[in-house]
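This report concerns only the one structure given below.
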C-alpha cells in the first residue's frame, strides 16, 4: 500500500517572469524535479508525494512541524546572511525544525546557506565570486558514498556561500570557486549550493535578466549562456534527495 509523503517547499523567491509564466513557482519547479527523481528509483518505494508551497517572504507562512514529513528550502536572489525580518524568521524556523522535528531538511542554494546559518556556520560573500551555469563539482569521500559518483555537473547561480562546515555536519564536495558544495547529516540535513531544479531554459532566462540588470557583464553573459545547455545531473540529485528523506541514505 502506498503512503503519502508530505514535502513542504519553503518558497524564498519568485522565478523571473519568463520562467514563472511557463513553469510556475519554485514549488512547482521542485515538484516536477522530485517526481522525476522518484520515478528514477525502484518503483517499490510505494510513496505518493504530497507537495505544499509556503510563501516565506511576503506572507511569512510556515507549515506546522507535525504535519510535514520533510521541508525543502528553495533558492533566492536575496542574501542569506542579511537580517531582513523574513530572513531572520526563516532562520529561526529552520533552527527550530532541525533541533526539534527530528525530520529531514533539504536546502538549495540560498536554502543551503540558510541551513548553514541556522547551524551556526559563517555565511558570506564567496571568495571565489560568482559561479554560474553548469559547473563540475568534485565529490569528496562523503559525497562519493552518497551518490556513487566522483563528480556531479549541476547548474550554479550564486555569489554567496557557506564559509565553514557546521559542527556535526559533513561537506560533500567542492568546486574551484566554492569549497562547500553540500552539507549532509544522516536523516536531518542534505543541502546543495547548486540548483538541481534548474535546466537550460531556466538558466538562460536568469542569465538574460541579470545581464539586462547589469549584474552580469557581457563576458559573464556569453560564458554562462554557452554552458547553460550542457547536460546536468539534476535528476540524479533528485533521486538522492528521495533516498535521504525516506531514510535510505
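Numbering (full-length UniProt numbering), first residue to last: 1 to 249. The beta-carbon is built from N, C-alpha and C at its ideal position, and this holds for glycine as well. For clarity, every value in this text was computed on a predicted model and none was experimentally measured.
For residue j and residue i, believed in contact at Cβ under 8 Å, the rounded distance
i           : j           : result
residue 72  : residue 10  : 7 Å
residue 245 : residue 106 : 7 Å
residue 78  : residue 109 : With a Cβ gap of about 11 Å, residue 78 and residue 109 do not count as contacting.
residue 123 : residue 163 : 6 Å
residue 241 : residue 221 : In fact, because the Cβ distance is near 31 Å, the residues do not count as touching under 8 Å.
residue 137 : residue 175 : 5 Å
Own chain residues within Cβ distance below 7 Å of residue i, not counting five before or after
i           : result
residue 62  : 54, 56 and 93
residue 51  : 7, 9, 27 and 31
residue 139 : 147, 149, 150, 151, 152, 172 and 173
residue 19  : 202 and 205
residue 117 : 80, 81, 91 and 123
residue 169 : 119, 183, 184, 185 and 189
residue 33  : 196, 197, 234 and 238
Buried versus exposed call for residue i [16 or more other C-beta atoms within 10 Å across all chains shown]
i           : result
residue 226 : exposed
residue 35  : exposed
residue 248 : exposed
residue 125 : exposed
residue 145 : exposed
residue 167 : exposed
residue 82  : exposed
residue 173 : buried
residue 156 : buried
residue 212 : exposed
residue 15  : buried
residue 196 : buried
residue 120 : exposed
residue 219 : exposed
residue 194 : buried
residue 161 : buried
Closest residue to residue i among the options (Cα-Cα distance)
i           : options               : result
residue 165 : 97, 112 and 220       : 112
residue 239 : 16, 40, 4 and 15      : 40
residue 235 : 222, 207, 198 and 59  : 198
residue 205 : 109, 8, 23 and 7      : 23
residue 129 : 212, 210, 177 and 211 : 177
residue 103 : 180, 142 and 187      : 187
residue 96  : 224, 115 and 84       : 115
residue 74  : 29, 100, 101 and 67   : 29
residue 243 : 200, 190, 223 and 210 : 190
residue 60  : 90, 17, 208 and 185   : 90
residue 85  : 38, 192 and 12        : 12
residue 180 : 58, 217, 142 and 207  : 142
residue 101 : 88, 76 and 67         : 67
Contact set for residue i: own chain, Cβ-Cβ below 6 Å, skip 5 residues either direction
i           : result
residue 2   : 46 and 48
residue 210 : 216
Own chain partners of residue i with C-beta closer than 8 Å, once the 5 adjacent residues on each side are dropped
i         : result
residue 5 : 47, 48, 49, 50, 69, 70, 245 and 246
Any contact of the stretch 225-243 with the stretch 132-142, i.e. 3+ C-beta pairs under 8 Å? yes
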